[in-house]
Amino acid sequence: MKTYLRIYRWSMQMKLHMALYTFVTIFLKAVCSLLQGVNSLPIMDIATMWLVSLVFAMIESAIYPENSSCTKGRTLAWAVVANLCFIGGAWMFGWFAELPLRGKIILVVFLEMGLAMMRFGDQFVLKMDSAQLTKELKQYQKKI
Amino acid sequence: MKLQIEHCPGEVQVTVRGPEDSAELQTIVALLQSESDRMWLLNEQQETVAVSPRDILWAEMVEDKVFVYTAGSVCRAPFSLAALELRWGVLGLFRCGKSTVVNLNAVQSLHSRPGGRIEALLPTGEKILISRRYAPALREKLQGGYEG
């Protein structure tokens, strides 16, 4: 039962990230297609985007297991795997093959910005929140 | 708060005056009561020991049994976590999980974690995780204490 609950808890967290990555990838593809005057997305593209997002989300949960801290090593590994998965997936499955070179460069920049923002949330925002919580804790302890 | 001390012979008597709904008054009363209020627990040698609520670091329920952790020992408690929180909650015992209570006065620092969870670091080096369900209540409790 404990193993089942642990797996269930893991899948709850992992699938949230998987859904986020799938949505962003499909959204970018949709925007690029619309800009090129195409009003539909191939089923294979959607399916492979989901698959790559699933694989990356699973690897991500292995890099950041439950209750793990955000170290530099983990962040670097996570960034490398993200680039391999999404740039590699785009190349392998031809998601953005019809885009000109500058369009692909913009997408890569967008990917790096997205990854940086995710890490910013973990590294800085959480640290700032931690400092604030500890300050409030000390105030609370003085009152007791 | 005004503190007035009168020296006179006889039994020590403490009178606390204030509004009935005053949080400060309730805290002072609980503090005074806690000095004589001990928990009777069973230690590792199966001996009954008296433990002050202030010495508790955290407590957890495992297989319907409540274990109380102090700096140097683990004791078994004959009451539930709910009873622990209800009776000594004003002294800082806070329900931080379905089966965990932590003494906020014993926490060294708090760390925000992804997913809305908070991690509490104790002097012994142990880390207690406050689940996302209880994290908002902790924030509210601390902010209430901060503004008070």
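Same order as they appear, the protein sequences are chains E and X.
Heads up: the first sequence begins at 0 in numbering that gives the first Met the number 0, then just goes up one per residue.
Heads up: the second sequence begins at 0 in numbering that gives the first Met the number 0, then just goes up one per residue.
From the three backbone atoms N, C-alpha and C, an ideal C-beta is built for every residue, glycine too.
Chain-ordered residues of the region 108-129 of chain E with a beta carbon less than 9 Å from chain X: So the list reads G120, D121, V124, L125, K126, M127, D128, S129, given in the order they occur along the chain.
Pick from X/L90, X/W87, X/L40, X/R94 that is closest to X/V73, judged by C-alpha positions: Scanning X/L90, X/W87, X/L40, X/R94 for the CA closest to the CA of X/V73 turns up X/L40.
Helix, strand or coil at X/E125 according to DSSP, with G and I counted as helix: Three-state result, X/E125: coil.
Pick from X/S108, X/M38, X/R116, X/N102 that is closest to X/W57, judged by C-alpha positions: Here the closest residue by C-alpha is X/N102.
Rounded distance between the beta-carbons of E/Q122 and E/C69, thought under 8 Å: Contact annotation, E/C69 with E/Q122: C-beta distance approximately 6 Å; criterion of less than 8 Å satisfied.
Any C-beta of chain E under 9 Å from that of X/R96: It is Gly, not Arg, that sits at residue 96 of chain X in the sequence shown. Interface flag for X/G96 against chain E is unset, since no Cβ pair is found closer than 9 Å.
Beta-carbon proximity check, X/V65 vs X/P52, cutoff 9 Å: Going by C-beta atoms, X/V65 is not nearer than 9 Å to X/P52.
Contact list for the region 96-122 of chain X against chain E, Cβ threshold 8 Å: From the region 96-122 of chain X, only L103, N104, V106, S108, L109, H110, S111, R112, P113, G114, I117, E118 have a Cβ closer than 8 Å to chain E.
Closer than 9 Å to chain X by CB, E/K142: For E/K142, the nearest CB of chain X lies under 9 Å from its own CB, placing it at the interface with that chain.
Under 9 Å between C-beta atoms of E/F85 and E/Y20: Yes, Cβ-Cβ distance for E/F85 and E/Y20 is below 9 Å.
CB contact check: E/Y3 to chain X, cutoff 9 Å: E/Y3 does not count as touching chain X.
Within-9 Å CB hit, X/R138 to chain E: Answer yes: the Cβ-Cβ gap between X/R138 and chain E drops below 9 Å somewhere.
Supposed contact pair E/S67 and X/S111 - C-beta distance, whole angstroms, cut 8 Å: Beta-carbon to beta-carbon, X/S111 and E/S67 are separated by about 14 Å, too far to satisfy the 8 Å threshold.
Residues that E/L132 contacts on chain X, provided the C-beta gap is smaller than 9 Å: Chain X residues near E/L132: S108, L109, H110, S111, I117, L137, R138, L141.
Separation of E/Q131 from E/I42, as counted between CA atoms: The alpha-carbon atoms of E/I42 and E/Q131 are separated by roughly 47 Å.
Spatially closest choice to E/L15 from E/D44, E/T47, E/E59, by CA coordinates: Between E/L15 and the set E/D44, E/T47, E/E59, the nearest pair of CA atoms involves E/E59.
X/R131 - containing beta strand (DSSP E), residue span: Run containing X/R131: none; DSSP gives neither H nor E here.
Assigned secondary structure, E/W49 (DSSP; H/G/I helix, E/B strand, else coil): Of the three classes helix, strand and coil, the one that applies to E/W49 here is helix, per DSSP.
Coarse secondary structure for E/I86, derived from DSSP in three states: Three-state result, E/I86: helix.
Chain-ordered residues of the region 15-43 of chain E with a beta carbon less than 8 Å from chain X: Using a CB distance below 8 Å, no part of the region 15-43 of chain E faces chain X.
Exposure label - X/Y68; buried when at least 16 CB within 10 Å: Buried: at least 16 other Cβ atoms inside 10 Å.
Rounded straight-line distance, which links the Cα of X/L30 to that of X/R132: Near 29 Å, if we compare the C-alpha coordinates of X/L30 and X/R132.
Min CB distance E/Y139 to chain X below 9 Å: By this cut-off, E/Y139 is an interface position.
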